[in-house]
């Protein structure tokens, strides 16, 4: 079975980064600067914009995902977040969305044996009340 981490790494994160790259590009940010912001190569930004990469799903179809992407873009534009801070924001958004079971359909498409109504792995992994090790 493909783990939720593999699904996030292979499908969700690239699609979210692609959406962020496109939004920044539409705001007039140069590709080289977008690459720095997202900690990826300039050629990957070009491939995101051309639709050659990061097309595992369309995050803008889900209003909640779209909202989080816009929040990240706004923070980048207004606060000039570092690459580390952008990665943190993206990963926090992905964790929150996984906890809300927003990506079960993607997981089911990749791993047909998954039964989303019965699966609570993401809720248990990404909701604080289930954490084994409390944060400090």
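Numbering (full-length UniProt numbering), first residue to last: 1 to 136.
C-beta atoms are modelled at their ideal positions from N, C-alpha and C, and glycine is treated no differently.
Next on the checklist: If contacts are defined as beta-carbon pairs under 8 Å, then residue 65 and residue 23 qualify, I think. What distance do you get, rounded to the angstrom?
Outcome noted: Within the chain shown, the letter at position 65 stands for residue 65. Within the chain shown, the letter at position 23 stands for residue 23. That belief does not hold up - the Cβ atoms of residue 65 and residue 23 are roughly 13 Å apart, past 8 Å.
Checklist entry - Do the segment 98-109 and the segment 67-83 touch if we need at least three Cβ pairs shorter than 8 Å? => result no
Checklist entry - Once you ignore the five residues that flank residue 89 on each side, which residues in its own chain have a CB closer than 6 Å to its CB? => result Here residue 89 is taken as the residue at index 89 of the chain shown, counted from 1. Excluding sequence neighbours, residue 89 sits near 72.
Checklist entry - For the candidate residues 8, 41, 6, 9, whose alpha-carbon lies nearest to that of residue 21? => result For the purposes of this step, residue 21 is taken as the residue at position 21 of the chain shown. Residue 41 is the option with its Cα nearest to residue 21.
Item to check | Complete runs of the alpha helix (DSSP H) confined to the segment 38-122 [at least 4 residues] | outcome: 42-50, 63-79, 83-99, 104-110
Item to check | Cβ neighbours of residue 99 in the same chain (closer than 7 Å, five flanking residues each side left out) | outcome: Within the chain shown, residue 99 is the residue found at index 99, counting from 1. For residue 99, where only same-chain residues beyond five positions count, the Cβ hits under 7 Å are 122, 123, 126, 127.
Checklist entry - For the alpha helix (DSSP H) that residue 17 lies in, which residues bound it at each end? => result Here residue 17 is taken as the residue at index 17 of the chain shown, counted from 1. Segment 13-26, the alpha helix (DSSP H) holding residue 17.
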